[in-house]
Amino acid sequence: MDTTQQAERQRTAAENRRRELLEAADRVVLRDGPGASMNAIAAEAGITKPILYRHFGDKGGLYRALAKRHTDALLTALRAALDAPAERRRRVESTLDTYLAAIEARPQVYRFLMHPSDDSAHSAEQGFDVGRHSAPLLRRLGEELAAVIAERVDPGPDGEAAARIWGHGIVGMMHAAGDWWLGERPCSREQLVRNLADLLWGRLAAADDRPGGPGF
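This is the structure:
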């Protein structure tokens with residue numbers, strides 16, 4: 005086996021091991037939510053904590069890897085909703101519903117990604133500095149949505165700036181409304197989707213498709 009083949013096999017083995025460790029972390033997060041700790045994740049994976057640190061650097065590195073894993077999956081689902089063969093209002097509602105359905109289906113994962121542990125002593129000793137990392141996650145969602153809007157919709161003058169304002173504004177609205185709704189459940193998901201879509205619909209209904217774009 006030459007050096008290139010050996011390096012490729014080592015890289016593949018490392019990627020597979022990293023994926024196995026993230027799957028173990030997911031299982032702990034599904035069980036413990038914001039209280040998930042490096043000790044519990046290492047135990048679930050059948051390794052020691054120093055080995056876990058070797059793969060991810062520190063707690064922040066593991067958090068970022070988990071956040072990317074779940075954000076990638078969410079973005080794939082959101083893009084599918086945006087690309088569905090339906091009229092624009094229906095796709096707006098479907099996109100909102102996709103986000104809300106995702107946080108409803110895995111509330112412990114959502115709380116881990118967005119909220120620190122309520123147990124401050126436990127959090128200080130073993131937990132994750134969620135507040136330092138959740139803002140970049142939301143910014144990534146906002147930039148991704150802004151890119152979709154810029155590609156598909158003509159928002160008028162200062163189009164690029166407007167697309168970014170719309171993208172981050174919509175993500176902020178979805179996050180704030182979804183966080184409140186998941187905690188209190190004051191209405192059905194369908195009712196929340198309908199009202200959020202009503203709030204967005206004025207400018208989205210009026211904006212033309214971008215010439216030459218895939219349409220929205």
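Position 128 of the sequence shown, counting from 1, maps to 132 under this note's numbering, and the rest follow consecutively.
In this text, a Cβ means the ideal position worked out from N, Cα and C, and glycines have one as well.
These numbers come from a predicted model, not from an experiment.
>> Distance check for A181 and V157, CA to CA, integer angstroms please.
In response: The residue labelled residue 157 in the question sits at position 153 within the sequence shown. The residue labelled residue 181 in the question sits at position 177 within the sequence shown. Going by the C-alpha atoms only, they are around 24 Å apart.
> When the distance is taken between beta carbons, is L145 closer than 7 Å to V96?
Replying inline: What you label residue 96 is simply residue 92 of the sequence shown in a count that begins at 1. What you label residue 145 is simply residue 141 of the sequence shown in a count that begins at 1. No, Cβ-Cβ distance for V96 and L145 is not below 7 Å.
>> Just verifying my parser: in three-state terms, what is the DSSP assignment at D158?
In response: Counting from one through the sequence shown, the residue named residue 158 turns up at place 154. Reduced to three states, the DSSP call for D158 is strand.
> Using 8 Å as the threshold, is the stretch 147–163 in touch with the stretch 206–217, meaning 3 or more CB pairs across them?
Replying inline: yes
> Can you name the start and end residues of the alpha helix (DSSP H) that E97 belongs to?
Replying inline: Counting from one through the sequence shown, the residue named residue 97 turns up at place 93. Taken as a continuous stretch (DSSP letters only), the alpha helix (DSSP H) holding E97 covers R92 to A109.
>> For A29 and W185, I'd like the C-alpha separation in whole angstroms.
In response: Counted from its first residue, the sequence shown places residue 29 at position 25. Counted from its first residue, the sequence shown places residue 185 at position 181. Near 26 Å, if we compare the C-alpha coordinates of W185 and A29.
> Any idea what DSSP makes of S124, helix, strand or coil?
Replying inline: Translated into positions along the sequence shown, residue 124 becomes position 120. Confidence at S124 is low in this model, with a pLDDT of 44, below 50, so its placement is unreliable and the value that follows should be read with caution. Note: S124 maps to helix in three-state DSSP.
> Measuring CB to CB, does G171 end up less than 7 Å from A150?
Replying inline: Looking up residue 171 in the sequence shown gives position 167. Looking up residue 150 in the sequence shown gives position 146. Their beta carbons are under 7 Å apart, which means G171 touches A150 by this criterion.
> Are the stretch 107–115 and the stretch 17–36 touching by the rule of at least three beta carbon pairs closer than 8 Å?
Replying inline: yes
>> Would you call the stretch 67–76 in contact with the stretch 41–54, where contact means no fewer than 3 C-beta pairs closer than 8 Å?
In response: no
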